[in-house]
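What follows is one structure encoded as structure tokens, with my remarks underneath.
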Amino acid sequence: MPGWNEKAVPDQSGRIAVVTGANSGLGYVVARELARKGARVILACRSEARGNAAADRIVGEVPGAIAEFARLDLGDLGSVREFAESYRYDYLDLLVDNAGVMALPYGTTADGFETQFGVNHLGHFALTG
348 MPGWNEKAVP DQSGRIAVVT GANSGLGYVV ARELARKGAR VILACRSEAR GNAAADRIVG
408 EVPGAIAEFA RLDLGDLGSV REFAESYRYD YLDLLVDNAG VMALPYGTTA DGFETQFGVN
468 HLGHFALTG
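Just so we're aligned, residue 348 is where the sequence shown starts under this note's numbering, counting upward by one.
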């Protein structure tokens with residue numbers, strides 16, 4: 348979209364957003380900008396330490412931001428199930444399926460699927476479905 352930037356994002360006040368892989372990179376920026384626009388942002392990440400640090404960073408950078416960590420390992424369908432079962436809100440407005448892996452040596456997920464396919468496709472499919 349020519350000329351698009353974060354200023355084009357409409358007000359998100361009262362909305363809840365889950366962003367996977369939000370502890371760094373594009374996921375972090377998306378989470379931060381949604382928080383800047385008023386959304387409550389849930390940073391769904393594998394690492395509690397990195398996820399909490401990212402949530403704290405957002406709260407420090409964005410006055411009034413509401414950002415929280417929730418554990419989610421897309422390479423473990425049990426973790427995806429636990430994330431969904433522990434979700435404590437009555438609704439979800441926005442799910443950003445951002446997390447992913449690329450160009451890893453061959454390996455398998457906790458459920459026996461090839462890692463890249465398991466994380467990038469099956470994990471998000473299970474979360475979204």
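Every residue, glycine too, gets a C-beta built ideally from N, C-alpha and C.
Short Cβ contact (9 Å threshold) for residue i with residue j
i      : j      : result
ALA391 : VAL366 : yes
LEU381 : ASN445 : no
ARG406 : ALA396 : One detail in the question is off: residue 406 reads as Val in this sequence, not Arg. Going by C-beta atoms, VAL406 is not nearer than 9 Å to ALA396.
GLY447 : GLY385 : no
ALA401 : SER371 : yes
Exposure of residue i, with buried meaning 16 or more beta-carbon neighbours within 10 Å
i      : result
ARG379 : buried
ALA309 : For residue 309 there is no data in the structure shown, the boundaries of the chain being 348 and 476.
TYR375 : buried
LEU424 : buried
ARG387 : buried
ALA450 : exposed
PHE430 : buried
Cβ separation of residue i and residue j, assumed to be a contact under 8 Å, to the nearest whole Å
i      : j      : result
THR462 : GLY454 : 4 Å
VAL427 : VAL377 : Rounded, the Cβ-Cβ distance is 20 Å, inconsistent with contact.
LEU441 : ARG362 : 6 Å
ILE389 : ALA364 : 7 Å
Extent of the continuous beta strand (DSSP E) to which residue i belongs
i      : result
LEU441 : 441 to 443
LEU390 : 387 to 392
ARG418 : 413 to 418
Would the region 352 to 359 and the region 413 to 425 be scored as touching if the rule is three or more Cβ pairs under 8 Å?
no
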